[in-house]
Structures are given as C-alpha cells and as structure tokens.
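I have placed the structure first, in the form of structure tokens, so that the comments after it can refer back to it.
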Amino acid sequence: MMLKRTPAIAFIAALLWACPLIYEAPELPEGPKTEDGGPPPQSGLTWHDDVAPILADHCLRCHEEGGIAPFPLGTYAQAKPMAGAIAASTRSRSMPPFLADGSGECGEWVDANWLSDAQIQTLTDWAATGAAEGESKPAPEVPPLPTIEAPDLTVTMPVSYLPDDGVSDDYRCFLVDPELTENIFVTRYEVVPGDPRVVHHVILYSPANAGAERAAEARDGEGGRPGYSCYGGSGVPSNMLAAWAPGTGAVSYPAGTGLELPAGRKLILQMHYNMVNGAFEDRTSIRLETASQVDSPGLMRVHGFNEFAIPPGEASYTVKNAVTAREAGAAQAIRLWGLIPHMHELGTTFRLERIRNGERHCLVDVKHWDFNWQLGYFLHEPVELRPTDQLEITCNFDSSRRTEITRFGEDTMDEMCLAMLYLTP
C-alpha cells in the first residue's frame, strides 16, 4: 500500500466525470467593460450560434430536466437568467467541475471535461453583452453517453432507500452479493442510478478480507434504516472497484487490464445522495463487463502522507513529502494509468510529481480543490514509475476558520493528503 507508515485506509472519493451544480445566479455583468481593464468583450455572440454548443458538450448531461443539477440550461429561456452565473462559474473554473489541469501542461486526460480559455471567454462575453438569443435553430445534440447493453453481471441495492431529508447530503453504504463462485476481473462498468435527481456519486468497494466483510455486515441496518452511514469510504478496510458521478457513462479500464473481484465475498455500494432537489426513493444498479483473466491485472493503491499537523488560523499551509517508488511499495518498474487526488474540506491545491535524476514530471495538478467534486482521471498514455523515482506530493490547506490543530484522519473534521493510483506491472 502506497501510504507512508499507514495501515489499510478506507479511501474516500466521489469521482469520475462529474456534472455542474450552480446554486446562485449573479446579475449579468454590466459593460462592455472588463474587470482587468482589458479589451471590451466580443460583440455579436448569440445563444444559438456560440453558447448552446458549448453547454451541450460540457453541461447538459446534468443541467437537464430531471437531472441532479438544481436547474436546467437546455433552452435560451432557461439559460439567459443564469448567464451571469454561467460566466462567473466557468471563469473561476468551478464549472464544469474537472479539477485537474487540463491545459496540457500537466497530463493528457481521457474525456477531459475541460473548457478552453476561448470557450470561457465566449461565455463571459455573451453574458457581458446582454446574452442575446440570435436566430433560432435546432438545439445542438448532447453527445450520448457510452453504455453496456449486455452486462456479464449486474449488482443492485438490495432494497429501495429513501434518503434522509433532514440533511443536505446522505452517505449510505449497502451490502450487495454478486454470488460469485470464482474470481473474475472487472474490465468495464456502468452505474445506472435509480433516481438521478438524488444520486450524486456512487463507489463500489470490495472488502479487503473476511473480517472487513463481517464488520460491514454487523453495521447493516444501522439506525433502523437499510444499510449504514459511511461518510468516509466504505467504513471498513476495502479496495475500490468502480466509481461514478453524474454525467458519466460506461467506464472502461485501460485495454488488457482490470480489477479483481474475489469469489465468495459480498461487495459494498457507497451511495452519496444530495437533496438539493428533494428526497426521492432510489435503488441504483451497476452493470459490469468481466473477464476470467486479463493481460495486466490492475491495482488500486494509496500514495500519500499522513504525518502532518495543520495549525489553526492559517490561510495557506503546505504539506509536502517525497519518497521513492520503492519506499512506497514498488519493487520493480510499474505503469501509472490513472489517479484520484484526495483531500477534505480544508484543501485548496494538490500536486503530484515524479522526480527522476533531478527532472520533474507533473502527474496531476489541481489548482482549485473542491471537496464536493472529487474526480478520477485516466491518462491517454501510462507513465512509467521506476523504483528509484521519487514521488512528491504537495497539498495546501486553508485552516483560517479552525481553532484547533487538524491531523490526518477519515472524519469530516480531519484532513488527508493522498492519491489513489491505478497501476499495472
């Protein structure tokens, strides 16, 4: 396990290709002025010609009628009142919520939901010049999500669940039994939310051992409700098998790879319900494509640093640690295919680098961390990690509102500085 002097850790993630949630609608910018005194905004931009195609490609999988986003943006009438919010949220890169730098300076990501600077400027200028509609034309098509038509295996929540409407976010874990008689590998998966209005993210875990499975079973039915509360990860030592957030279709692991699903063991389905649209009954399923063998079995491993103490009242406090890949558990050269950065609510920035012979190679750079959108990223091409390479992780935190020291831990008031790495030999 790639975590310095730390036992098995239940990893927390809400990930993979997520969708926008914008909660406020600022007024339209006045102008043709710019905040930095630069050139005036481009005129002549319209909803139909310039803005609708951008939103169809990057936003409408969530900002649709009946989606998890708090309002739709599929028509001019829906989008115009939100023009200021669209401009502000994209300019700050809080929307769409693709946290890793997708500019090409640090990693080339598969299916990067990343707006170019030119696209952001178009949205900003459209709002600043009055959010014109332009000549009406058919709405652009929203790219369809990939799907699994004939799954090898489907796992489903054992019962329907009505999230707790007394909280804004309900994290609940459910045991599911795939009834496997032999080990198999998951090579592709698709999450099918029971009710997209409430399902914010889903993670499928495999308990690390029989004892972890029994511990999860002992908590089932906690509080007189199906399943059990699980804010962190699964609540027991476990390995992640699949993860999903709104706007994600079928996800394929890199060709020739997959994660092992052990026979005779139940799985844990972690559900994150968000009640911005109200509480609705849900029964989510996961479709799986599997194989009896793969060329290169994948491993999910945690790499990070846990020996830190963040003092209170610090607007910017940096934690940094570097170890060799061998010290982190890699006895031979391995390939890094993807990763999931992870911090809690004090996190502001995250960076992971490979250092080889003094030369730095950026693996991921998150300039604006958002705990509510913890995403996973697959590289177009794997990166080699040799045993002598150093892995340097850097996390920055804002503890200005805390009155006590914050240390490593899984609770809400604790912090983390780690990444889950998808590796193969």
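This note's numbering applies: residue 60 is where the sequence shown begins, and numbers increase by one. Glycine included, each C-beta is placed from N, C-alpha and C at the ideal position.
Against chain D, with Cβ distances strictly below 9 Å, would residue i count as a contact?
{"i": "V214", "result": "Protein chain content of the structure displayed is limited to a single chain, and chain D is not contained in it."}
Measure the alpha-carbon distance for residue i versus residue j and round it to whole angstroms.
{"i": "D116", "j": "E208", "result": "23 Å"}
{"i": "G253", "j": "G166", "result": "34 Å"}
{"i": "I345", "j": "P237", "result": "11 Å"}
{"i": "L395", "j": "E451", "result": "15 Å"}
{"i": "W173", "j": "T240", "result": "42 Å"}
{"i": "E89", "j": "E404", "result": "Residue confidence is low: E89 scores 41 on pLDDT, short of 50, so the model does not pin down where it sits. Its coordinate-derived value is still stated next. Cα to Cα, the separation comes out at about 34 Å."}
{"i": "N455", "j": "Q352", "result": "41 Å"}
{"i": "T215", "j": "E319", "result": "19 Å"}
{"i": "R324", "j": "P266", "result": "8 Å"}
{"i": "R256", "j": "G337", "result": "8 Å"}
{"i": "C78", "j": "R415", "result": "Caution applies to C78, whose pLDDT of 40 falls short of 50 and renders its modelled position unreliable; the model cannot decide the point."}
{"i": "A191", "j": "T246", "result": "46 Å"}
{"i": "T213", "j": "L347", "result": "6 Å"}
{"i": "P85", "j": "A147", "result": "Low per-residue confidence applies at P85: pLDDT is 39, beneath 50, and the placement is therefore not dependable enough to give any value."}
{"i": "F233", "j": "E366", "result": "32 Å"}
{"i": "L263", "j": "S293", "result": "9 Å"}
{"i": "Y230", "j": "D424", "result": "28 Å"}
{"i": "F244", "j": "Q101", "result": "52 Å"}
{"i": "T453", "j": "Q178", "result": "30 Å"}
{"i": "G363", "j": "E123", "result": "37 Å"}
{"i": "A111", "j": "G163", "result": "25 Å"}
{"i": "E340", "j": "Y220", "result": "5 Å"}
{"i": "A138", "j": "F130", "result": "9 Å"}
{"i": "M475", "j": "S375", "result": "15 Å"}
{"i": "D279", "j": "Y287", "result": "5 Å"}
{"i": "T447", "j": "E418", "result": "13 Å"}
{"i": "I327", "j": "G308", "result": "21 Å"}
{"i": "G306", "j": "G283", "result": "32 Å"}
{"i": "P203", "j": "G372", "result": "47 Å"}
{"i": "A186", "j": "N431", "result": "26 Å"}
{"i": "C121", "j": "A304", "result": "10 Å"}
{"i": "E440", "j": "E281", "result": "44 Å"}
{"i": "R466", "j": "A368", "result": "5 Å"}
{"i": "Y332", "j": "S153", "result": "20 Å"}
{"i": "V295", "j": "K196", "result": "53 Å"}
{"i": "W168", "j": "G161", "result": "7 Å"}
Kindly give me the distance between the Cβ atoms of residue i and residue j, rounded to whole angstroms, as I take these residues to be in contact under 8 Å.
{"i": "I145", "j": "H259", "result": "I145 to H259, Cβ: 21 Å. No contact."}
{"i": "Q433", "j": "I399", "result": "7 Å"}
{"i": "M359", "j": "M402", "result": "In fact, because the Cβ distance is near 18 Å, the residues do not count as touching under 8 Å."}
{"i": "T383", "j": "S355", "result": "With 8 Å as the limit, T383 and S355 do not qualify as a contact, their Cβ atoms being about 23 Å apart."}
{"i": "T343", "j": "V235", "result": "Contact flag wrong, Cβ pair sits at about 10 Å."}
{"i": "L482", "j": "G357", "result": "7 Å"}
{"i": "P370", "j": "S459", "result": "Wrong, their Cβ atoms sit about 11 Å apart, outside the cutoff."}
{"i": "F157", "j": "A171", "result": "6 Å"}
{"i": "T407", "j": "W428", "result": "5 Å"}
{"i": "D108", "j": "G189", "result": "Not really, about 15 Å apart at Cβ, beyond 8 Å."}
{"i": "R410", "j": "H420", "result": "R410 to H420, Cβ: 12 Å. No contact."}
{"i": "A198", "j": "G133", "result": "7 Å"}
{"i": "N242", "j": "A322", "result": "5 Å"}
{"i": "V361", "j": "M479", "result": "6 Å"}
{"i": "V261", "j": "A314", "result": "Wrong, their Cβ atoms sit about 24 Å apart, outside the cutoff."}
{"i": "A390", "j": "E443", "result": "With a Cβ gap of about 15 Å, A390 and E443 do not count as contacting."}
{"i": "T105", "j": "D211", "result": "That belief does not hold up - the Cβ atoms of T105 and D211 are roughly 47 Å apart, past 8 Å."}
Got a sec, what are the start and stop residues for the alpha helix (DSSP H) residue i sits in?
{"i": "I452", "result": "From DSSP, I452 is part of no alpha helix (DSSP H) but of the beta strand (DSSP E) over 449-456."}
{"i": "R413", "result": "R413 -> not in any alpha helix (DSSP H); beta strand (DSSP E) instead, spanning 406-415."}
In terms of residues, what are the limits of the beta strand (DSSP E) holding residue i?
{"i": "H362", "result": "358-363"}
{"i": "G397", "result": "393-401"}
{"i": "S344", "result": "344-350"}
{"i": "G317", "result": "316-320"}
{"i": "N333", "result": "326-333"}
{"i": "P441", "result": "436-444"}
{"i": "E418", "result": "418-425"}
{"i": "N380", "result": "376-383"}
{"i": "T483", "result": "477-483"}
{"i": "V214", "result": "212-215"}
Query raised in the report: Can you list, in chain order, the stretches of the beta strand (DSSP E) that have 3 or more residues and sit fully within the segment 222-306?
Result: Counting whole runs of 3 or more residues, the segment 222-306 contains the beta strand (DSSP E) stretches 228-235, 243-251, 258-266, 297-303.
Report task. Taking 8 Å as the threshold, find out whether the segment 210-228 comes into contact with the segment 265-278 through three or more Cβ pairs. Result -> The segment 210-228 makes no contact with the segment 265-278; the number of CB pairs closer than 8 Å stays below 3.
Query - Length at least 3, wholly inside the segment 115-182: the beta strand (DSSP E) runs in chain order - result: Qualifying beta strand (DSSP E) stretches: none in this window.
Query raised in the report: Counting Cβ pairs, one atom from each stretch, are 3 or more of them under 8 Å apart for the segment 175-193 and the segment 133-150?
Result: In short, these stretches touch, since the Cβ pair count reaches three.
Query raised in the report: Does the pairing of the segment 374-382 with the segment 419-439 give three or more beta-carbon distances under 8 Å?
Result: Too few Cβ pairs lie closer than 8 Å, so no.
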